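This report refers to the structure that appears directly beneath it.
There are 4 protein chains.
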Amino acid sequence: MKPLVIAGKTFHSRLFTGTGKFSSNALMADAIAHSGSELVTVALKRVDLDTPHDDLLDHLNLPGVNLLPNTSGVRTAKEAVFAAQMAREALHTNWVKLEIHPDARYLMPDPVETLKATEELVKQGFVVMPYIHADPVLCKRLEEAGAAVVMPLGAPIGSNSGLITREFLRIIIEQSNIPVVVDAGIGRPSHAADAMEMGADAVLVNTAIAAAANPVAMAEAFKMAVESGRRAYEAGLPGISNKAHATSPLTAFLD
Amino acid sequence: MKPLVIAGKTFHSRLFTGTGKFSSNALMADAIAHSGSELVTVALKRVDLDTPHDDLLDHLNLPGVNLLPNTSGVRTAKEAVFAAQMAREALHTNWVKLEIHPDARYLMPDPVETLKATEELVKQGFVVMPYIHADPVLCKRLEEAGAAVVMPLGAPIGSNSGLITREFLRIIIEQSNIPVVVDAGIGRPSHAADAMEMGADAVLVNTAIAAAANPVAMAEAFKMAVESGRRAYEAGLPGISNKAHATSPLTAFLD
Amino acid sequence: MKPLVIAGKTFHSRLFTGTGKFSSNALMADAIAHSGSELVTVALKRVDLDTPHDDLLDHLNLPGVNLLPNTSGVRTAKEAVFAAQMAREALHTNWVKLEIHPDARYLMPDPVETLKATEELVKQGFVVMPYIHADPVLCKRLEEAGAAVVMPLGAPIGSNSGLITREFLRIIIEQSNIPVVVDAGIGRPSHAADAMEMGADAVLVNTAIAAAANPVAMAEAFKMAVESGRRAYEAGLPGISNKAHATSPLTAFLD
Amino acid sequence: MKPLVIAGKTFHSRLFTGTGKFSSNALMADAIAHSGSELVTVALKRVDLDTPHDDLLDHLNLPGVNLLPNTSGVRTAKEAVFAAQMAREALHTNWVKLEIHPDARYLMPDPVETLKATEELVKQGFVVMPYIHADPVLCKRLEEAGAAVVMPLGAPIGSNSGLITREFLRIIIEQSNIPVVVDAGIGRPSHAADAMEMGADAVLVNTAIAAAANPVAMAEAFKMAVESGRRAYEAGLPGISNKAHATSPLTAFLD
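Chains as they are written, first to last, in the numbering used here: chain A, 67 to 321; chain B, 67 to 321; chain C, 67 to 321; chain D, 67 to 321.
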């Protein structure tokens, strides 16, 4: 399996995980270890910055695991930049997962504020990984703005619906010059394999592992699924042609 | 059927149509007449502005039909504003369908330039109808910017795939205070009925009518489908619950 | 719209309806009248055979409406034949909708008993309309056995899921020499239009009308949707190619 | 991972494979070895029964691999029984994969002849594994007839479409007392994982491996996907509820 490189750092696992919703920090650490994940998101708001030994961070002190602070909870570019700066100081990393979602009900990302924050954070030397709608043009603009990867959603967060944005992910993957990490909506290992088979560079999975009856076993299942999907992609998949391409001439916009 | 009001104008038909891809202007006029459509998009670039009697426009001089110039072909907000101004002068209307698609291959709309152009055109007194990705947050921002409607896509333009953005359209319809017009991807009357059943306020259909073996009969079929879907919506649909809502607590973003 | 002929009888409506689940017989009659349906299923078990003026039947005494007794509730071919004979005597019709479903939970039809009953009922002079799984080979065998139509299911009964058996319906429609009536799963007018666009000869709708907040308006919506879908089919649909055909050589079974 | 038992034989791999469509027998053997498969179908018609050392069979002489002759090419129960008898003699096994498909174009299985052949072959002491449509009632009847497993199709053979019969597979899995092996339509590892996550006991994959650019790597990918899906199933999947159940009361058949 070809390793994945983001901002000069090499990853041997293409499964990124999260730290929310586990029933205990010990269980979280155990599941992450079994997932093989080398990049783990953590919400700044969940870290106690005033304590020398925060329990969450102590549990994440695992060999090979890099922390990816996220800006969860912010509603504007300005708030996001501030959160990223705080995270850099607290966690000693210039990597940031950018999440800006003004709407508390569906937690959909804001395309305009996300682009604005990306531009600013790149200027400030951050490695920016923006979570966004599966919008092909926005992905290109984030790439131009210096984002390290794009993280389009597969389905509404928490829906476990799989890749309902499939046709758009396909376009994004085809057009992107930076890694594409599918985030949100991945509820089962088969969804993760599906994304990898399509040519996604990595996936981010949190709830589906954390909320499983047995998170450790589920972490292993996801690990295998991601490797399986990647291997299949590299082995050359026969079969399902790109239906979005097949049916349409697309030579000119309609009027 | 409840009439639809956009910018103070009342529409009795919820089927908007286009003028591209017909084999002749006469056939186009016949199909539009049978569709019952009262709002018809026309690409500014296809109108000969120097001719006193442009053939396309002459054929669109139908009772009850309003023209909706579109900015098809532009790549930036600036170009879009210029195109809208030209259209206003040439076609004597301050309505404009805003289409900004920098990528010639998939014709996906640009969220950032579209918002910027909307803000500017609203200031200049236009009735702005932006064509966009099915992005719930972007729709809210366009609403706040003064757009008259939002026109999210159902599927990639020309794909005839139906409402593959269904889960996002649902959220958009639920949250919007301005009419939602589903544009692009509607390839069959059932797709149009589907959108109306979900609570969309109108649909825009072009290729599926223009490229049919019998465009006039197809126009009638779409007319009936839109009325059927709207009637069903008003009659109260039992059945398929909103699956996006059902499966997830969505109380907090994950980390 | 081309009329539909079944066993020598001509139908101008391609929407068949049912009589179950309405809140009153008066409302049922009103909805059926507005649906334009000329063929209406009625469960033998719901008719009071000992009463000269059964209330249900009195309400179904509508101009142009033909009754189609069904064998709902039977579990074997033998029971089905008996039920059909009773229905013929009670309702003075040799038409019968054959439903054999041994499982009370999902009400899935039994392919073997249905074929056996069809063979016997055809011998006894019945016009047999069997409700079955969307199984292409079974459909051919029923045709060979003398069934007047085949009625494959679109989705599990009561699921309102639309045409989840789409790929199989496509094959059935392509191969059938007798009318194909899609039954079960049609929950919204768009589903009915969808079936007609694919080339189904008719659809049967019951719950979706009966359980609507406004059954009369919903009946009208379905009437329009069926006509719309049929018109589109006759007008020649561009677009979505038969994906089942496209991806596979299918020259030989695998081993 | 819980082992799978069929007719008293224990399998540690839940991935069954086939022997068709490989570019050479050597490549086939290599791919099967890497798949970990312990049960491999072989078409009787492809074996040269008159040769002491058939090349295909020689290559299948792998440690841990059991042969599963299939009746591919037969059109009736009678032909199937004869083919099974020949296979038993030639390959020294009483296991048989029953495939009866009268239609050469879509290779859909015949439900009635398959049930008839199963009854006869069980009487004759065969371990019968019938390939069938995803028809829940037929599956129960095959179980009652003594089939060792049921092998419902996920999609038309060769379509690589994944589990388009999903809702019916779910019912079959829920109701079956014998192992359920999903056959046909599995075109990518994610499809195999999907089936296992739903609770299928095994999957059969042939073309997707044989026709891959790199069949050995693809075999490994499928091996991992099947293990991943099974592990996830055993770990307890949160999330997607059974939609077929959710939307409908299903208390009584409609009329």
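Glycine residues also receive a C-beta, built at the ideal position from the N, C-alpha and C atoms. A quick note: this is a predicted structure, and the numbers were derived from the prediction, not measured.
- Using a Cβ-Cβ cut-off of 7 angstroms, residue 96 of chain B does not count as an interface residue toward chain C, since no Cβ of chain C sits closer than that to its own.
- The DSSP-derived three-state label of residue 269 of chain D is strand.
- With respect to chain A, the C-beta atom of residue 256 of chain D has a partner C-beta closer than 7 angstroms.
- The residues 104, in chain order, have a CB closer than 8 angstroms to that of residue 130 of chain D in the same chain once the five nearest residues on each side in sequence are set aside.
- Straight-line spacing of the CA atoms in residue 252 of chain D and residue 156 of chain D works out to 30 angstroms.
- In this structure, residue 302 of chain D lies away from residue 291 of chain A, with their beta-carbon atoms at least 7 angstroms apart.
- Collapsing the DSSP output to three states places residue 180 of chain A in a helix.
- In this structure residue 124 of chain B is exposed. Its beta-carbon is surrounded by fewer than 16 other beta-carbon atoms within 10 angstroms.
- For residue 91 of chain B, the enclosing alpha helix (DSSP H) covers residues 91 to 101.
- Shortest Cα-Cα distance from residue 223 of chain D to any of C/227, C/229, C/225, C/234 involves C/234.
- In this structure, the beta-carbon distance from residue 297 of chain D to residue 283 of chain A falls below 7 angstroms.
- Looking at the DSSP output, residue 75 of chain D bridges to D/72.
- A distance below 7 angstroms between beta-carbons, with the five flanking residues on each side excluded, links residue 70 of chain C to the following residues of its chain, in chain order: 77, 80, 245, 267, 268.
- Excluding residues up to 5 positions away in sequence, 137, 162, 187, 192 lie with their Cβ nearer than 7 angstroms to the Cβ of residue 150 of chain D in the same chain.
- DSSP places residue 172 of chain C outside any alpha helix (DSSP H), giving it a letter other than H or E.
- For residue 104 of chain A, not one C-beta of chain D is nearer than 7 angstroms to its own C-beta.
- Taking 8 angstroms as the upper bound for CB-CB distance, residue 217 of chain D and residue 196 of chain D are in contact here, some 6 angstroms apart.
- Neighbours of residue 280 of chain D in chain A, taken as residues whose beta carbon is under 7 angstroms from its own, are 301, 302 in chain order.
- Counting only the Cα atoms, residue 142 of chain D lies some 16 angstroms from residue 152 of chain D.
- A Cβ-Cβ separation of about 18 angstroms leaves residue 254 of chain A out of contact with residue 240 of chain D under the 8 angstroms criterion.
- Distance from the CA of residue 89 of chain A to the CA of residue 108 of chain A, rounded to the nearest whole angstrom, comes to 15 angstroms.
- When 9 angstroms is used as the limit between beta carbons, residue 147 of chain A is near no residue of chain B, the shortest such separation being about 18 angstroms.
- If you draw a straight line from the Cα of residue 97 of chain C to the Cα of residue 295 of chain C, it is about 20 angstroms long.
- One thing to note: residue 164 of chain B has its Cβ no nearer than 7 angstroms to the Cβ of residue 135 of chain B.
- In terms of CA proximity to residue 166 of chain B, B/183 leads the group B/84, B/258, B/183.
- Secondary structure remark: continuous beta strand (DSSP E) runs of at least 3 residues inside the stretch 116 to 164 of chain D, in chain order: 132 to 136, 161 to 164.
- Of the residues D/68, D/106, D/274, D/169, the one whose Cα lies closest to the Cα of residue 225 of chain D is D/274.
- In the DSSP assignment, residue 88 of chain B falls outside any alpha helix (DSSP H), carrying neither H nor E.
- Closer than 7 angstroms to the CB of residue 294 of chain D there is at least one CB belonging to chain A.
- About 6 angstroms separates the beta carbons of residue 229 of chain B and residue 260 of chain B, which is inside the 8 angstroms limit, making them a contact pair.
- Linking residue 209 of chain B to residue 256 of chain A through their CA atoms gives a straight-line distance of about 38 angstroms.
- For residue 160 of chain D, same chain residues with a beta-carbon under 8 angstroms away, outside a window of 5 residues either side, are 154, 191, 192, 193 in chain order.
- Counting along the chain, residue 239 of chain B sits inside the alpha helix (DSSP H) bounded by residues 232 to 241.
- For residue 201 of chain C, no beta strand (DSSP E) encloses it, and the DSSP letter there is neither H nor E.
- Proximity of chain B to residue 204 of chain A at the Cβ level (cut-off 7 angstroms) is accounted for by 177, in chain order.
- Assignment of beta-bridge partners to residue 197 of chain B by DSSP yields B/217.
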